[in-house]
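A.B. asks: Here you go, one structure.
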Amino acid sequence: MTDDRIRVLLVDDHAIMREGLAAVLTANGRFDVVGQSGDGATALQLFQDLAPDIAIVDLRMTPMDGVDVTTAMRNIDPQARIIVLTTYDTDEEVFRGLRAGAASYLLKDVDSAELIEAIHTVHAGRKSISPKIAAKLADHVAADQLTARQQEVLNCLSEGKSNLEIAQSLFISEGTVKAHVKAILQKLDARDRTQAITIAIKRGMVRTL
Numbered sequence: 001m002t003d004d005r006i007r008v009l010l011v012d013d014h015a016i017m018r019e020g021l022a023a024v025l026t027a028n029g030r031f032d033v034v035g036q037s038g039d040g041a042t043a044l045q046l047f048q049d050l051a052p053d054i055a056i057v058d059l060r061m062t063p064m065d066g067v068d069v070t071t072a073m074r075n076i077d078p079q080a081r082i083i084v085l086t087t088y089d090t091d092e093e094v095f096r097g098l099r100a101g102a103a104s105y106l107l108k109d110v111d112s113a114e115l116i117e118a119i120h121t122v123h124a125g126r127k128s129i130s131p132k133i134a135a136k137l138a139d140h141v142a143a144d145q146l147t148a149r150q151q152e153v154l155n156c157l158s159e160g161k162s163n164l165e166i167a168q169s170l171f172i173s174e175g176t177v178k179a180h181v182k183a184i185l186q187k188l189d190a191r192d193r194t195q196a197i198t199i200a201i202k203r204g205m206v207r208t209l
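Counting from 1, one number per residue, gives the positions in the sequence shown under our numbering.
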């Protein structure tokens, strides 16, 4: 007889959270919790060794947070199906989690029925986004509308370059750089360059060294 239970890997730095999730999923009978991890490095090793159908990942962990874990899992397996489960629902956190490749973003106050439904949805290859989270994403859709040149300028801003340095790097005029910076501030709803860089880093639009 073929075992068609969904194999799940749990990643959370709070043992009580992992144990609670494992109890809920095991009691359901349609899931097999194949592994648990309290840190990112161990989680990635388990992910490689166990090849779970679904990974449920906490967003806030140290030293490797859930966004980095999700990104790494997707690098290992581009088809990895990952659910972010967290207490954080700020706009930037939602954006970072989904941008990293998570198929679902759930808050830890979710009830068991919604969690189970999300797992089945993600396992079927679809995304599971609650109306509340979808509304937050809609507020930031402009961020994905940066032109290729604007993204290059944003990358330069994150490196601390001045308008003149950016112009020299990209072989454009300083006036053109200023126009791009103005457009970037508008699209990110930032009051100045510093805030634009902060927002971009939080959303995973640029990488810090």
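Quick reminder that beta carbons are idealized off the backbone N, C-alpha and C, glycines included.
1) Can you give me the Cβ contacts of D189 inside the same chain, cut-off strictly under 6 Å, excluding the 5 residues immediately before and after it?
2) With the cut-off set at 7 Å, would you say V122 and Y105 are in Cβ contact?
3) In its own chain, which residues sit with a C-beta less than 7 Å from the C-beta of R149, not counting the 5 before and 5 after it?
4) Ordered along the chain, which non-local residues of its own chain (more than five positions away) have a Cβ less than 6 Å from that of G35?
5) To the nearest angstrom, report how far apart M205 and S158 are at their CA atoms.
6) DSSP three-state label for S37, please.
7) So, with DSSP's three-state summary, where would you put D58?
8) Pick helix, strand or coil for L146, following the three-state DSSP scheme.
9) Please specify which runs of the alpha helix (DSSP H), each continuous and at least 4 residues long, are wholly inside the stretch 120-206, giving them in chain order.
10) Using beta-carbon positions only, say whether D32 and R74 come within less than 7 Å of one another.
11) Does the beta-carbon of R30 have 16 or more other beta-carbons within 10 angstroms, so that it is buried, or is it exposed?
12) Given that a residue counts as buried once 16 or more other Cβ atoms are within 10 Å of its Cβ, and exposed if not, what is L164?
13) Please classify K187: is it buried, with 16 or more other beta-carbons within 10 angstroms of its beta-carbon, or exposed?
14) May I ask you to report which of helix, strand or coil DSSP gives D49?
C.D. replies: Taking the geometry as given:
1) Apart from the 5 residues on each side of it in sequence, D189 has no Cβ closer than 6 Å to any other Cβ in its chain.
2) Cβ atoms of V122 and Y105: not closer than 7 Å.
3) Shown here for R149: same chain residues with a beta carbon closer than 7 Å to its own, the five before and five after excluded, namely H180 in chain order.
4) Hits under 6 Å: L9, L46 and L50.
5) The C-alpha of S158 is placed about 10 Å away from the C-alpha of M205.
6) Here S37 carries a strand assignment [DSSP, helix/strand/coil].
7) D58 sits in a strand when the DSSP states are folded into three classes.
8) In the structure shown, L146 sits in coil (DSSP, three-state: anything other than H, G, I, E or B).
9) Listed in chain order, they are 131-139, 148-158, 163-170, 174-188 and 193-202.
10) Contact flag unset, no.
11) Exposed.
12) Counting Cβ neighbours within 10 Å, L164 comes out exposed, since fewer than 16 surround it.
13) K187 counts as buried, since no fewer than 16 other beta carbons sit within 10 angstroms of its beta carbon.
14) When DSSP states are grouped into helix, strand and coil, D49 belongs to the helix group.
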